[in-house]
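In what follows, a structure is listed as structure tokens, so that the remarks can point back to it.
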Amino acid sequence: MVTIGIVYELGKEALLFFTHQQWEVPNKITITSIEPAWITFEVSSSGSEITEGMVIRVNDEVMLVTEAQGDQLSVIRGYQDTEVSFHPTGQEIEVANKVSLMEFFTKTEWNPQIGRFGIWALVSATLMTTIIAILVALPLGLSAAVYLSEYATEKTRSTIKPVLEVLAGIPTVVYGYFALTFMTVLLRTIFGNDRVEIYNTASAGIVIGILILPLVSSMSEDALSAVPRSLREAAFALGATKLETATRVVVPAAFSGLAAAIIVAISRAFGETMIVAIAAGAGPAFTLNPFKAAETMTGHIVRISGGDLSYDSIDYNSIFAIGLLLFIITLILNIISQRIVKRYREVYE
Amino acid sequence: MWVTIFRGSTAIGIIALLVLLVNIANGAFGYAMIEFEVNPEELTEGEIAIEQLDKDALVQVLQDNVSSGLYRRLENDKPFAERDHENVHNLVIEWVVKPQVAYQWTLLDSLLNRSEIQREAEEEFPGLELRFVSWLDTEFITNPQSGDPIKAGVRTAILGSLWTMLIAFLFSFPVGVGAAIYLEEFARKDRWINRVIQTNINNLAGVPSIIYGILGLAIFVRALEVFTSGSIFNPGQLAGNGRTILSAGLTLGLLILPLIIINSQQAIRAVPDSLRQASFGLGATRWQTIWSHVLPSALPGILTGTILAVSRAIGETAPLVVVGASTFITVDPEGPFSKFTTLPIQIYQWTSRPQDVFRSIAAAAIIVLLLMLLGMNTAAVVLRNRFSKRI
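First to last, the sequence lines map onto chains E and W.
Start counting at 1 in the first sequence, then tack on 677, and there's your number in the working numbering.
Start counting at 1 in the second sequence, then tack on 24, and there's your number in the working numbering.
Now the structure itself:
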């Protein structure tokens, strides 16, 4: 029920986002008056060009341009159920600007004020924080898991695991504070204040890495522990060292569990919100420099919905479009991880 | 050599936790340079401390130093004759002394370089008072939110958090446990629809929390506005705003619902089948078996899972920001239809401010939040240990 609800609501509002018309002023005016019966008229040659297929508005009447030859426009009058009326000369013409799917998925500039909605500006920042987080959490988490399941004594394991779980239970807003007041300061001392901006994706990414570290290590440790003892003993009997057993036998045997853990971690890092909202920056920017400020999808949603968001604005609809994309990506990641576990699990007696 | 790497990685996790905690403490305590608009010593001509003045003298100080309009307004709020000593003292601090933080040091600095700080303080801020400030004190917990960092407190935020938690719990506990009972005891596992539901619930647990916030905004705040703003219950009133405690609580309830279902399912599954069969053997119906045998034995597990889920809800920030928690409220929430703010949102707001002093009170608020979480988790562990041996 809830899933259907999520998809329905997000889909509905996201659809509104793509059909929402914004009127732009291309600095063109009518140079003749327009009688209600006319279907062609002339416009001034100043301003940006009007081409076939555009939807334009004169006063309150909306028209669809069927043919444009120079400054001569052929139109369908009274488009979108507006009233056909007489327009005097010298009227401003407005052009409808819709957010096309094409623009949404290919452009790299996100600036709602001037009608630019290119999702890559936000996705690039999200990808960057996610990749940094995985680069931090993957090696650390996997080695911690190998240590805990293969080397540590029962006593060490039972003390370290709860500590790592505490790390997982801390609210993300606390991590946000940590990223801003500690990690950013640390990065700025190491790399210099002029190279690292106050808000940057590197510090947010590293802290997300710390956040998902317990997730990776505990899921991987479960996977490693599930590998039967007989396999290890067989390896030892063949003369393998402890390290060889761990890396050549146990890790490959637990591969499906490890892969699932990593994918779940990616999905978690992707949807992480408060850390990036606090530490990554407040302004969409298409940049691949981790020391620059950039806004992620989640961070953008939080920032623009922070105030009293009006329900009819394109901003309101845009958060649903972003949300839908985010939901689909994380859902796919989660489904993949479940499939991997199911399909590639090696069953031992 | 590899072992060292493995061990080191594990240590990094623990070090990260320690650094995190130290960092918070570092912000929450430390020396601060307090600047006064009027130095308290001048008020008493340096003879005694301002706290030792009696009430009449304090009222006199107030009368001498504030405009007559303000004095009359304070008198109108509550006559000075009826105010107690502490209240008048607070008024003097608030309106005459007006303390402000000019500069502050972190806890580590304060402990390690004490003498240097004292020297620096005398050189750069002559005449100001150097004080060791604990931003976390009883006043911080009992004061309402305020724009002035010295007076700001978290009472409104704590109450907001408790209210939303209560509503989230009331909504998701019955629904979640009901769903778990259905899935475990009634649903036939071989029917595809039940498998789809099960996969779905597992997937929902992995959906980013902000998605729930957007959903709450669309459904509870907007579509059900007449209900969540409470205007349906007082028809005379103007349509209110749906950004209320109720909307937030329901959103969080939705968020923790999958967690509660999964945890309850595990708890119910752990009840041995022999118990059910014994009950059936004595002629009990299916519902009697569930109500008087399965549920009582599964209850500790269910409660533990629920507490953990609710403690997840208490730390959630993103969905509430989207649902529209107001950030500046000085009045306590009165019921489900009030506007509200919560502890994590307060932390977020204070952290986002550029001034250091707001970071300090954010750190103090974080300590309060972590203590609340610690309390709930301890309760969960105690519950688990007490009841786990019974079966």
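Think of the CB as a built atom: it goes at the ideal place given N, C-alpha and C, for glycine as much as any other residue.
- Remark: C-beta atoms of Tyr372 (chain W) and Val850 (chain E) approach each other more closely than 8 Å.
- Inclusion of Gly934 (chain E) and Ala900 (chain E) in the CB contact set at 8 Å is warranted, their separation being smaller than that value.
- Around the beta-carbon of Val772 (chain E), 16 or more other beta-carbon atoms lie within 10 Å, marking it buried.
- Out of W:Ser33, W:Val27 and W:Gly54, the CA that lies nearest to the CA of Asp380 (chain W) is found in W:Gly54.
- Measuring C-alpha to C-alpha distances from Arg377 (chain W) to each of E:Tyr756, E:Ser801 and E:Tyr854 identifies E:Tyr854 as the nearest.
- Going by DSSP, Val926 (chain E) is part of no beta strand (DSSP E) at all; its letter is neither H nor E.
- In terms of Cβ geometry, Val800 (chain E) and Ala342 (chain W) do not form a close pair [threshold 8 Å].
- Straight-line measurement puts the Cα of Gly339 (chain W) at about 15 Å from the Cα of Ala954 (chain E).
- A Cβ of chain E is located within less than 8 Å of the beta carbon of Ala342 (chain W).
- Between Gly983 (chain E) and chain W, the shortest Cβ-Cβ separation is below 8 Å.
- Bridge pairing for Gln749 (chain E): E:Glu719 and E:Gln746 [DSSP].
- Three or more Cβ pairs drawn from the region 806 to 816 of chain E and the region 873 to 886 of chain E lie within less than 8 Å of each other, which places the two stretches in contact.
- Of the other Cβ atoms in all chains shown, fewer than 16 fall within 10 Å of the Cβ of Met779 (chain E); this residue is therefore exposed.
- The C-beta of Ile955 (chain E) comes closer than 8 Å to at least one C-beta of chain W.
- Contact note: Phe361 (chain W) does not reach chain E at a C-beta cutoff of 9 Å; the least C-beta distance is about 17 Å.
- Non-local C-beta neighbours of Glu712 (chain E) in its own chain, meaning closer than 8 Å and more than five positions away in sequence, comprise Phe763, ordered along the chain.
- A buried status is given to Asn287 (chain W), since no fewer than 16 other beta-carbon atoms sit within 10 Å of its beta-carbon.
- Unbroken alpha helix (DSSP H) stretches of 4 residues or longer found wholly inside the region 749 to 813 of chain E: 778 to 783, given in chain order.
- Taking every protein chain shown into account, the CB of Glu972 (chain E) has 16 or more other CB atoms within 10 angstroms, so this residue is buried.
- Close to Tyr988 (chain E), with beta-carbon spacing below 7 Å, are these residues of chain W in chain order: Arg246.
- By the Cβ test, the region 268 to 281 of chain W is in contact with the region 189 to 200 of chain W, since at least three Cβ pairs between them sit closer than 8 Å.
- The beta carbon of Ser880 (chain E) sits no closer than 8 Å to any beta carbon of chain W.
- Non-local C-beta neighbours of Asn167 (chain W) in its own chain, meaning closer than 7 Å and more than five positions away in sequence, comprise Lys175, Ala176, Gly177 and Arg179, ordered along the chain.
- In the structure shown, Ile847 (chain E) falls within a coil segment according to DSSP collapsed to helix, strand and coil.
- Of all C-beta pairs linking the region 355 to 371 of chain W to the region 290 to 304 of chain W, fewer than three are shorter than 8 Å, placing the two stretches out of contact.
- Pro232 (chain W) sits close to Thr950 (chain E), with the two beta carbons spaced by under 8 Å.
- The three-state reading of DSSP puts Gln379 (chain W) in coil, since its state is none of H, G, I, E or B.
- Residue W:Gly325 holds the alpha-carbon nearest to the alpha-carbon of Leu407 (chain W) among W:Gly325, W:Leu398 and W:Leu135.
- Note: Leu741 (chain E) is bridge-paired with E:Val732 and E:Ile753 in the DSSP secondary-structure output.
- Comparing alpha carbon positions, the residue from E:Pro967, E:Ala962 and E:Arg906 closest to Arg865 (chain E) is E:Pro967.
- Classified as buried, Glu208 (chain W) has 16 or more neighbouring CB atoms from the shown chains inside 10 Å of its CB.
- For the pair Thr918 (chain E) and Arg909 (chain E), the Cα-to-Cα distance works out to about 10 Å.
- Per the C-alpha coordinates, the member of E:Ala714, E:Ile716, E:Ile887 and E:Gln1015 positioned closest to Leu44 (chain W) is E:Ile887.
- When secondary structure is reduced to three states using DSSP, Leu915 (chain E) falls in the coil class, being assigned neither helix nor strand.
- In terms of beta-carbon proximity, Ile837 (chain E) lines the interface with chain W, with at least one pair separated by less than 8 Å.
- With the rule of 3 Cβ pairs closer than 8 Å, the region 1003 to 1017 of chain E does not count as touching the region 826 to 845 of chain E.
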